[in-house]
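Trainee:
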Amino acid sequence: MTVPFWCLFVGALLPYVWAFSRIPYLKDLGGPDNKEPRAQSAKLTGKGGRAVAAQANAWEALGVFAPAVLVNHLAGASSGSATVLCIVWVVARFLHGLFYMNDFDKGRSAMFLVGLLCAIGLFVEAARA
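Under my numbering, the first residue of the sequence shown carries the number -10, and numbering increases by one thereafter.
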């Protein structure tokens, strides 16, 4: 499996990292509610609420990154630069979630932009191949 595909795998796991990170904050709401987890998560505020938002954003970012990786691969674009773009995307998206949870808005926005530019870079590389 190539590094970009491994990065895609890691990217697919990131939303779950942020989902599980909200669990400690559910104690203020009586513990996890397995019958209505989304309704309960919607009530979270502060760090727990930001973890829910980080999870949603991670899913959204994956919706751009996954096709970028696949199109890049199918176009036979340069694997060296694709590898770098994918690794930077994973690091940026991980930091995005950390910054989101810890309320560092400027860092979060910067990491969002870095990740988006990496995905765009993968598409541009594919177009040039």
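For glycine and all other residues, C-beta sits at the position ideal for the given N, C-alpha and C.
My understanding is that Arg39 touches Asp92, with C-beta atoms under 8 angstroms, so please give their C-beta distance in whole angstroms.
Mentor: What you label residue 39 is simply residue 50 of the sequence shown in a count that begins at 1. What you label residue 92 is simply residue 103 of the sequence shown in a count that begins at 1. With 8 angstroms as the limit, Arg39 and Asp92 qualify as a contact, their Cβ atoms being about 6 angstroms apart.
Trainee: Ignoring anything shorter than 3 residues, give me the beta strand (DSSP E) runs that lie fully in the stretch 12 to 51, in order along the chain.
Mentor: none
Trainee: Can you tell me where the alpha helix (DSSP H) with Asp94 in it begins and where it stops?
Mentor: Position 105 of the sequence shown, counted from the first residue, corresponds to residue 94. It spans 94 to 117 - the alpha helix (DSSP H) in which Asp94 sits, taken as one unbroken run.
Trainee: Applying the 10 Å Cβ sphere with the 16-neighbour rule, what's the burial state of Trp7?
Mentor: The residue given as residue 7 occupies position 18 in the sequence shown. So Trp7 ends up on the buried side.
Trainee: Please report the straight-line C-alpha distance between Ala43 and Phe83, rounded to a whole angstrom.
Mentor: Your numbering for residue 43 matches position 54 in the sequence shown. Your numbering for residue 83 matches position 94 in the sequence shown. The alpha-carbon atoms of Ala43 and Phe83 are separated by roughly 10 angstroms.
Trainee: Who are the near neighbours of Ala57 in its chain, counting only those whose CB is closer than 6 angstroms to its CB and skipping five residues on each side?
Mentor: Counting from one through the sequence shown, the residue named residue 57 turns up at place 68. Leaving aside the five residues that flank Ala57 on each side, the residues in its chain whose CB is nearer than 6 angstroms to its CB run, in chain order, Ala108, Leu111, Phe112.
Trainee: Pull up the distance between the alpha-carbon of Pro26 and that of Leu15, whole angstroms please.
Mentor: Here residue 26 corresponds to residue number 37 of the sequence shown, with the count starting at 1. Here residue 15 corresponds to residue number 26 of the sequence shown, with the count starting at 1. Cα-Cα distance, rounded: 10 angstroms.
Trainee: Can you tell me the Cα-Cα spacing of Leu87 and Ala115, whole angstroms?
Mentor: Reading the sequence shown from its first residue, position 98 is the one you call residue 87. Reading the sequence shown from its first residue, position 126 is the one you call residue 115. Going by the C-alpha atoms only, they are around 30 angstroms apart.
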